[in-house]
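In my numbering, the protein residues as written are 1 to 95. Even for Gly, the Cβ is constructed at its ideal location relative to N, Cα and C. One structure is given here, and the rest of the page talks about it.
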Amino acid sequence: MTRRESQKVEGSHNRLVGERIKAIRKALGITQKEFGDAIGVNDTLIAHIEKGKKRITISTLVVACRRFNISADYVLFGDGNPEKPLKQEPPQEVL
């Protein structure tokens, strides 16, 4: 694979990851700013990630997955269900 072909594949993957992150954010009903604030990045970076212009770092992905209980496999590869569950529910009190 040539360097140019490799860059095309990477750009396509970044775009797909961004689309999945955007879909998750919208399903959560939050803005780019709210999503970014929750995971420690600014809304401009979230916008760039959603458009495929920037790659999400592993550390940011881990924070997002833990914070919003989402599947990294889904975000990165489109495998499985995006939610684990997607909706945030408060932990139930054990009696």
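Can you give me the C-alpha to C-alpha distance between glutamate 50 and arginine 15, rounded to a whole angstrom? Locating residue 50 in the sequence shown gives position 50, where the first residue counts as 1. Locating residue 15 in the sequence shown gives position 15, where the first residue counts as 1. CA-CA distance, glutamate 50 to arginine 15, rounds to 7 Å.
With three or more C-beta pairs closer than 8 Å as the rule, is the segment 11–30 touching the segment 40–57? Segments in contact, yes.
Arginine 25 classed as buried or exposed, judged by whether at least 16 other C-beta atoms fall within 10 angstroms: As a working mapping, residue 25 is identified with position 25 in the sequence shown. By the neighbour-count definition (other C-beta atoms within 10 Å, threshold 16), arginine 25 is a buried residue.
Cβ separation of leucine 61 and valine 75, assumed to be a contact under 8 Å, to the nearest whole Å: Against the sequence shown, residue 61 aligns to sequence position 61. Against the sequence shown, residue 75 aligns to sequence position 75. Indeed, because the Cβ distance is near 6 Å, the residues count as touching under 8 Å.
Have a look at isoleucine 39 and isoleucine 70 and give me their C-alpha separation to the nearest angstrom. Counted from its first residue, the sequence shown places residue 39 at position 39. Counted from its first residue, the sequence shown places residue 70 at position 70. Cα-Cα distance, rounded: 13 Å.
Once DSSP output is grouped into helix, strand and coil, what is the label at isoleucine 56? Here residue 56 is taken as the residue at index 56 of the sequence shown, counted from 1. In the three-state scheme derived from DSSP, where H, G and I count as helix and E and B as strand, isoleucine 56 is classed as coil.
Runs of alpha helix (DSSP H) lying entirely within the segment 15–71, each at least 4 residues, in chain order: If only uninterrupted alpha helix (DSSP H) runs of at least 4 residues are considered, those enclosed by the segment 15–71 are 32–39, 43–50 and 58–68.
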